[in-house]
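In what follows, a structure is listed as structure tokens, so that the remarks can point back to it.
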Amino acid sequence: MPLNQLSLSLQFGPFDGVAAHRAVLPRHKVTRWIRHALATDAEITVRIVGADEGQQLNREYRHKDYATNVLTFDYTQEPLVTADLVLCAPVIEREAKEQNKSLEEHYAHMLVHGTLHAQGWDHETSEADADEMEEYETAIMQELGFADPYATGVSGGDPA
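Numbering-wise, the sequence shown is residues 439 to 598 according to the numbering used here.
Structure representation (structure tokens):
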């Protein structure tokens, strides 16, 4: 099955250790991971930020005063998905270590997770929705060659 088209803007904010995160996130990999999670064509901006910017955005837009792993700002779903995905590098790095995953694997999962949110998937509406989203994420991650991201029981979105 052919993958949908993606217009990607990949940005890195200023934070300690940004070079290591850039090395794990080459444009071609980010594009591949997101395209596998798309049900339609998309224009997506991915911004990798430090803890301060991540916390500020989460506080301003979700009224939660902490840095979370991924924030999804979805603007349209039809005829084109348009969204911004903001990933907080220190949170992603910490969670990857806690979950015994590579940084690349956890970034791939959070990009898939955020892309599904941009298309209307929501794990906070009900347990059934959470289970359905988790199963779909797992299938996408396995298609990409990664293990089941929920095998350890740690879920995406807000910190566990």
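The C-beta atom is built at its ideal place from N, Cα and C for all residues, glycine as well.
6 Å CB neighbourhood of residue i in its chain, flanking five on each side removed
{"i": "S593", "result": "Confidence at S593 is low in this model, with a pLDDT of 43, below 50, so its placement is unreliable and the value that follows should be read with caution. Taken in chain order, the list of residues that qualify is empty."}
{"i": "G591", "result": "Note that G591 has pLDDT 48, beneath the 50 cutoff, so the model's placement of it is unreliable and no number is given."}
{"i": "H459", "result": "I486, A527"}
{"i": "T553", "result": "I472, A475"}
{"i": "A556", "result": "T510, D512, V519, A521"}
{"i": "E491", "result": "G451"}
{"i": "I578", "result": "H474, A475, V550"}
Spatial neighbours of residue i in its chain, beta-carbon cut-off 8 Å, leaving aside the 5 residues before and after
{"i": "P597", "result": "Since pLDDT at P597 reaches only 37, below the 50 mark, its modelled position is unreliable, and the value read off the structure follows with that caveat. Hits under 8 Å: Y504, T506, N507, V529, E533."}
{"i": "Y499", "result": "L509, F511"}
{"i": "F584", "result": "E543, A546, H547"}
{"i": "S564", "result": "none"}
{"i": "T469", "result": "L444, L446"}
Limits of the unbroken beta strand (DSSP E) element including residue i
{"i": "Y513", "result": "508 to 514"}
{"i": "L476", "result": "Looking at the DSSP string, L476 is not in any beta strand (DSSP E), and its letter there is neither H nor E."}
Beta-carbon proximity check, residue i vs residue j, cutoff 7 Å
{"i": "A457", "j": "I482", "result": "no"}
{"i": "L444", "j": "R465", "result": "no"}
{"i": "T576", "j": "D586", "result": "yes"}
{"i": "F450", "j": "G488", "result": "no"}
{"i": "V524", "j": "L495", "result": "yes"}
{"i": "N442", "j": "D479", "result": "yes"}
{"i": "G558", "j": "Q515", "result": "yes"}
{"i": "E588", "j": "E570", "result": "Note that residue 588 corresponds to Tyr in the displayed sequence, not to Glu. Cβ atoms of Y588 and E570: not closer than 7 Å."}
DSSP bridge partner residues for residue i (one or two, in chain order)
{"i": "V456", "result": "According to DSSP, which records beta bridges pairwise, V456 is partnered with nothing at all."}
{"i": "Q449", "result": "R485"}
{"i": "T563", "result": "T563 is not bridged to any residue."}
{"i": "L525", "result": "I486, V508"}
{"i": "V462", "result": "According to DSSP, which records beta bridges pairwise, V462 is partnered with nothing at all."}
Beta-carbon proximity list for residue i, same chain, < 7 Å, skipping 5 on both sides
{"i": "L582", "result": "W471, H474, A546"}
{"i": "S540", "result": "A534"}
Where the alpha helix (DSSP H) through residue i begins and ends
{"i": "H501", "result": "Unbroken run through H501: none, as it is neither H nor E."}
{"i": "L541", "result": "541 to 556"}
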